[in-house]
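J.: Have a look at this one before I ask anything.
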Amino acid sequence: MLNINKNLNGETLTVSLEGRLDTTTAPQLEESLKESMVGIKELILDFANLEYISSAGLRVLLSAQKNMAKQGSMKLIHVSDVIMEIFEVTGFVDILTIE
Numbered sequence: 135m136l137n138i139n140k141n142l143n144g145e146t147l148t149v150s151l152e153g154r155l156d157t158t159t160a161p162q163l164e165e166s167l168k169e170s171m172v173g174i175k176e177l178i179l180d181f182a183n184l185e186y187i188s189s190a191g192l193r194v195l196l197s198a199q200k201n202m203a204k205q206g207s208m209k210l211i212h213v214s215d216v217i218m219e220i221f222e223v224t225g226f227v228d229i230l231t232i233e
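Using my numbering, the first residue of the sequence shown is number 135, and each one after it goes up by one.
Now the structure itself:
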């Protein structure tokens with residue numbers, strides 16, 4: 135299960151994720167981001183309550199990163215040690231901006 139909370143502030147969209155980003159929930163996030171990224175200059179993904187991310191979730195992040203590279207920037211905040219480890223193992227730590 136994944137809860138997606140969006141907060142638009144001008145041209146900055148903050149998306150807070152709660153739960154698990156996996157094969158089941160990745161399409162939900164992808165669709166949600168697609169419909170929200172028009173006109174956005176900064177995308178912030180808040181992972182404070184994200185418990186798990188799978189390869190399907192990583193693909194969605196990669197896709198969002200590519201889209202945002204054309205129109206602005208994307209960063210991840212409040213990434214837990216568990217998820218940071220997944221980013222390190224997969225090399226995503228070099229691709230994504232993580233604060």
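Glycine included, each C-beta is placed from N, C-alpha and C at the ideal position.
Taking Gly153 as part of the beta strand (DSSP E), name the residues at either end of that continuous run.
T.: 146 to 155
J.: Spell out a yes or no on whether the segment 158 to 178 and the segment 222 to 229 are touching, meaning 3 or more CB-CB pairs, one atom from each, closer than 8 Å.
T.: Too few Cβ pairs lie closer than 8 Å, so no.
J.: I need the DSSP call for Ser207, collapsed to helix, strand or coil.
T.: Residue state, collapsed to three classes: strand.
J.: Just list the beta strand (DSSP E) runs in the segment 175 to 225, keeping only unbroken ones of 3 residues or longer that don't cross its boundaries, in chain order.
T.: 176 to 187, 207 to 211
J.: Out of curiosity, what's the CA-to-CA distance linking Ser188 and Gly144?
T.: When rounded, the distance between both Cα atoms is 31 Å.
J.: Mind checking which residues open and close the beta strand (DSSP E) that includes Leu142?
T.: 136 to 143
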